[in-house]
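*Asks:* Going by my numbering, the first residue of the sequence shown is number 24, and it counts up by one from there. Once you've had a glance at the structure underneath, I'll fire off some questions.
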Amino acid sequence: MSINQDDSDSAVLARLGYQQQLKRRMGAFTNFAISFSIISVLAGPITSYYIGFSYGGPVMMAWGWPLVSLMCVIVALGIAELASAMPTAGGLYFWACRMASPRWGWFTGWFNIVGLVGAVAAVGYGFSLTFTSLLVLLWPGAFSATTGTLYAVYAIAIIAMGAVNYFDIRVVALTNNISAWWHIIGTAVIVVALVVVPDHHQSASYVFTKTINASGFGGHHWSQPMFWFVLGLGLLQAQYTIGGFDASAHMSEETNNAARAAARGVWTSVFWSGVGGWILLLAITFAIPNTQDTLNAGAFDVQYIWSTALGSRWAEALLLIASVAQFLCCNAVVTASSRVVWALSRDRATPASHLWTRLNKFQVPFNAVAVIVGINLLLMLPTFWNATIGYLIATAVVVIGLYLAYAFVILLRFRLGDEFETGPWNLGRWYKVVDLVSIVWIGLVCLLFISPTTPAGIPFHHDFSWNSFNYTLLAVAGALLLFGGWWVLSARHWFKGPVPDIDPATRAAAEAAGPEGVPT
């Protein structure tokens, strides 16, 4: 299948084998906005600032963030080319099936779901950290940042997001448009406040050359090999933030001119998030009042910086801006992940698939939304025992789940070479460089993020503690065992990949006639 410039969305979808079920109410900006909201420069950079600061220090903000942003733009370019060629809900799963086999599609789809479900948990819990900090500042006697309070705020927020996603896609579209502008204006307000209000700023030398290693591993300078490993762990802050941009592809069946708009939404959301996030991180780092106190604040380090450098009133205002942005970000992830569940269920790749494909009166797959909400309420229950480790595991699972799925489809596209039929937005001959760099980078970060994050997390180390162990490897291995075992024992006998819901004659007519005569 190839897509011409004048092909209608219904013609493209028909040639992919599907009839239009979801409503196309999204324009190019809204499609961009959902990925931009999911990346959210007011979520990941703030809630995971302590990761970068503890594993590298200011240099991680000054140099680590732009490095990761550049590499993520390259990965996004590879995903964008695929989104243009095959603009359909489910995106990565469908592409893998079309380019290779149902087996590839099976593992790609399930890793994509693992990553997106983890993103809901990580972003939602990050929202809870930020919003609880705001509540403590506003009413210090009534609220405290206990694990019970954090989970309660998280649960209420996740349920509220499910309620928002019950309504017509126009409500979700409006929410994401508001979210994009809220992020743009909110980031500008925070940066200006951090530049203008504080009486003291750190020097440029501090921001661009200061190194910190609070991991427990040896090495504090560039000349020491272990410090480079610590810096690699610190990249999780940026790598976790810049993920989920495949959401633009998942919303293809609800986007007009999807073959172009979805592709642009994928890569432009990463580019502008990289630029905006870097400016924000530099502003926060310049405003640091005291290095040791910032480290001691742990996951609440940004709140400490704002409260100390700006005063409580300014801190409350900025925390409110960030909290709203993080809620809107997580809401967008709920939307995107529900579409992946719906698409996989449409092709009978999930248990009880008939339940998750049902559309409510607004033509929204609300059952798929509900199952995402339910899973995430259960997923973060371990934070009652160890909130920090639970959050670290969630962020690492997001990176590995999403980026393994990205690597699968990019590898398959590279393997097809010139046989791959591109869409109207494509990389031309540059796909070879883009795809190879993407695969190498994804392999590197996946290895880093299953590594121990502290000496006490290394089995058989004299200080070993299960509270410090990085369970990400076990989580990924468990997912592989579950989905691999399911495939070997059962799914390979009945899962045949995408199940067209258009009759063969209509599909053949669509392939022959292009946009004319295609039923909508």
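Quick reminder that beta carbons are idealized off the backbone N, C-alpha and C, glycines included. Since we're looking at a predicted model, the values are computed, not measured.
Grouping DSSP H, G and I as helix and E and B as strand, with all else coil, what is D249?
*Replies:* For the purposes of this step, residue 249 is identified with residue 226 of the sequence shown, where counting begins at 1. The sequence shown places Met at residue 249, not Asp. It is helical.
*Asks:* Ignore the nearest five residues each way along the sequence and tell me which others in G138's own chain have a CB closer than 6 angstroms to its CB.
*Replies:* Numbered from 1 along the sequence shown, position 115 holds the residue referred to as residue 138. Same-chain partners within the cutoff: V421, G424 and L425.
*Asks:* Suppose only complete runs of 4+ residues qualify. What are the alpha helix (DSSP H) ranges in the segment 198-259, listed by chain order?
*Replies:* Taking only runs of at least 4 residues, the alpha helix (DSSP H) segments lying wholly in the segment 198-259 are 227-232 and 248-257.
*Asks:* Could you tell me the distance, in whole angstroms, from the CA atom of L367 to the CA atom of A355?
*Replies:* Along the sequence shown, read from residue 1 onward, the residue named residue 367 stands at position 344. Along the sequence shown, read from residue 1 onward, the residue named residue 355 stands at position 332. When rounded, the distance between both Cα atoms is 19 angstroms.
*Asks:* I need the straight-line Cα distance from F134 to V220, nearest angstrom please.
*Replies:* As a working note, residue 134 is residue 111 in the sequence shown. As a working note, residue 220 is residue 197 in the sequence shown. Cα-Cα distance, rounded: 45 angstroms.
*Asks:* Looking at the unbroken alpha helix (DSSP H) that takes in M274, where does it start and where does it end?
*Replies:* Residue numbering aside, residue 274 sits at position 251 when the sequence shown is read from its first letter. Per DSSP, M274 belongs to no alpha helix (DSSP H) and is neither H nor E.
*Asks:* Under the rule that 16 or more other beta-carbon atoms within 10 Å means buried, what is T153, buried or exposed?
*Replies:* Residue 153 sits at position 130 when you count from the first residue of the sequence shown. It counts as buried.
*Asks:* If you draw a straight line from the C-alpha of R48 to the C-alpha of F407, how long is it?
*Replies:* Along the sequence shown, read from residue 1 onward, the residue named residue 48 stands at position 25. Along the sequence shown, read from residue 1 onward, the residue named residue 407 stands at position 384. Looking at the two C-alpha atoms, the distance is approximately 41 angstroms.
*Asks:* For W510, does the three-state DSSP call read helix, strand or coil?
*Replies:* Numbered from 1 along the sequence shown, position 487 holds the residue referred to as residue 510. Three-state DSSP puts W510 in a helix.
*Asks:* Quick test of your reading: M403 and Y177, contact by CB under 8 angstroms. State the CB separation rounded to the nearest angstrom.
*Replies:* Within the sequence shown, the letter at position 380 stands for residue 403. Within the sequence shown, the letter at position 154 stands for residue 177. Yes, M403 and Y177 are in contact; Cβ-Cβ is about 6 angstroms, under 8 angstroms.
*Asks:* Excluding the 5 residues preceding and the 5 following Y41 in the sequence, name in chain order all residues of the same chain whose CB lies nearer than 6 angstroms to its CB.
*Replies:* Stepping through the sequence shown from its first residue, residue 41 is reached at position 18. Result list for Y41: D524, in chain order.
*Asks:* Going by Cα to Cα distance, which pick from I235, W290 and I74 is closest to F323?
*Replies:* On the sequence shown, position 300 is the one that residue 323 refers to. Considering only alpha carbons, the answer is I74.
*Asks:* Give me the residue from Q260, G451 and L65 with the minimum Cα distance to S202.
*Replies:* The sequence position of residue 202 within the sequence shown is 179, counting from 1. The shortest C-alpha separation from S202 is found at L65.
*Asks:* Pull up the distance between the alpha-carbon of V35 and that of Q349, whole angstroms please.
*Replies:* Counting from 1 along the sequence shown, the entry for residue 35 is found at position 12. Counting from 1 along the sequence shown, the entry for residue 349 is found at position 326. Cα to Cα, V35 sits roughly 34 angstroms from Q349.
*Asks:* May I ask you to verify whether the segment 154-167 touches the segment 466-473, counting CB pairs closer than 8 angstroms and requiring at least 3?
*Replies:* Taking 8 angstroms as the limit for Cβ pairs, the verdict is that the segment 466-473 does not touch the segment 154-167.
*Asks:* Distance, Cα to Cα, H206 vs S60?
*Replies:* Numbered from its first residue, the sequence shown carries residue 206 at position 183. Numbered from its first residue, the sequence shown carries residue 60 at position 37. One C-alpha to the other measures close to 8 angstroms.
*Asks:* Does the distance from the C-beta atom of I311 to that of P125 stay below 9 angstroms?
*Replies:* Sequence index remark: in the sequence shown, residue 311 carries index 288 (1-based). Sequence index remark: in the sequence shown, residue 125 carries index 102 (1-based). In this structure, P125 does not lie closer than 9 angstroms to I311 by Cβ.
*Asks:* With DSSP run on the structure shown, which of helix, strand or coil describes G266?
*Replies:* Here residue 266 corresponds to residue number 243 of the sequence shown, with the count starting at 1. The answer is coil: DSSP assigns G266 none of H, G, I, E or B.
*Asks:* Is the beta carbon of S271 closer than 9 angstroms to that of I57?
*Replies:* Along the sequence shown, read from residue 1 onward, the residue named residue 57 stands at position 34. Along the sequence shown, read from residue 1 onward, the residue named residue 271 stands at position 248. Taking 9 angstroms as the Cβ cut-off, I57 and S271 qualify as a contacting pair.
*Asks:* Going by Cα to Cα distance, which pick from G520, V522, C353 and T477 is closest to N236?
*Replies:* Residue 236 sits at position 213 when you count from the first residue of the sequence shown. That would be T477, whose Cα lies nearest to the Cα of N236.
*Asks:* Are three or more beta carbon pairs between the segment 207-216 and the segment 357-374 nearer than 8 angstroms?
*Replies:* No: the two stretches stay apart, fewer than three of their Cβ pairs being nearer than 8 angstroms.
*Asks:* Can you check whether the CB of A285 is closer than 9 angstroms to the CB of A103?
*Replies:* Counting from 1 along the sequence shown, the entry for residue 103 is found at position 80. Counting from 1 along the sequence shown, the entry for residue 285 is found at position 262. Taking 9 angstroms as the Cβ cut-off, A103 and A285 qualify as a contacting pair.
*Asks:* I'd like to know whether the C-beta atoms of L7 and I181 end up nearer to each other than 9 angstroms.
*Replies:* Outside the displayed range of the chain (24 to 543) lies residue 7, so it cannot be described from this structure.
*Asks:* Along the chain, where does the alpha helix (DSSP H) that runs through A286 open and close?
*Replies:* Within the sequence shown, numbered from 1, the residue matching residue 286 stands at position 263. A281 to F309 is the span of the alpha helix (DSSP H), which, as asked, contains A286.
*Asks:* Going by C-alpha to C-alpha distance, which of N54, M84 and W489 sits closest to V195?
*Replies:* On the sequence shown, position 172 is the one that residue 195 refers to. Nearest of N54, M84 and W489 to V195, Cα basis: N54.
*Asks:* Could you work out which residue in A144, L305 and M109 is closest to T232 when comparing CA atoms only?
*Replies:* For this step, residue 232 is matched to residue 209 along the sequence shown. T232 has its Cα closest to that of L305, out of A144, L305 and M109.
*Asks:* Residues bridged to M556 by DSSP?
*Replies:* Nothing can be reported for residue 556: it is not among the residues displayed for the chain, which extend from 24 to 543.
*Asks:* Classify A500: buried if its beta carbon has 16 or more other beta carbons within 10 angstroms, exposed otherwise.
*Replies:* As a position in the sequence shown, residue 500 is number 477, starting the count at 1. Classification for A500: exposed.
*Asks:* Only counting runs of 3 or more residues, tell me where the beta strand (DSSP E) segments fall wholly within the segment 322-397, in order along the chain.
*Replies:* List check, beta strand (DSSP E) in window: nothing returned.
*Asks:* Residues bridged to G79 by DSSP?
*Replies:* Residue mapping note: residue 79 aligns to position 56 of the sequence shown, counting from 1. Its beta-bridge partners are I235.
*Asks:* With DSSP run on the structure shown, which of helix, strand or coil describes T129?
*Replies:* As a working mapping, residue 129 is identified with position 106 in the sequence shown. The sequence given here places Trp at residue 129; Thr does not occur at that position. Note: W129 maps to helix in three-state DSSP.
*Asks:* Give me the residue from A391, A428, F268 and A393 with the minimum Cα distance to L100.
*Replies:* In the sequence shown, the residue the question calls residue 100 occupies position 77. Selected option, being the one with the closest Cα: F268.
*Asks:* Is DSSP giving N475 helix, strand or coil here?
*Replies:* In the sequence shown, counting from the first residue as 1, residue 475 sits at position 452. This sequence places Pro at residue 475; Asn is not what is there. If DSSP states are grouped into helix, strand and coil, P475 belongs with coil.
*Asks:* Smallest Cα separation from L39: which of T70, G113, L450 and I328?
*Replies:* By one-based count along the sequence shown, residue 39 stands at place 16. Minimum Cα distance to L39 is reached at G113.
*Asks:* Tell me the residue span of the alpha helix (DSSP H) that contains E444.
*Replies:* Against the sequence shown, residue 444 aligns to sequence position 421. First-last for E444: undefined, no H or E at that position.
*Asks:* From the DSSP output, in three-state form, read off M122 for me.
*Replies:* For the purposes of this step, residue 122 is taken as the residue at position 99 of the sequence shown. In this structure, M122 counts as helix in the three-state DSSP scheme.
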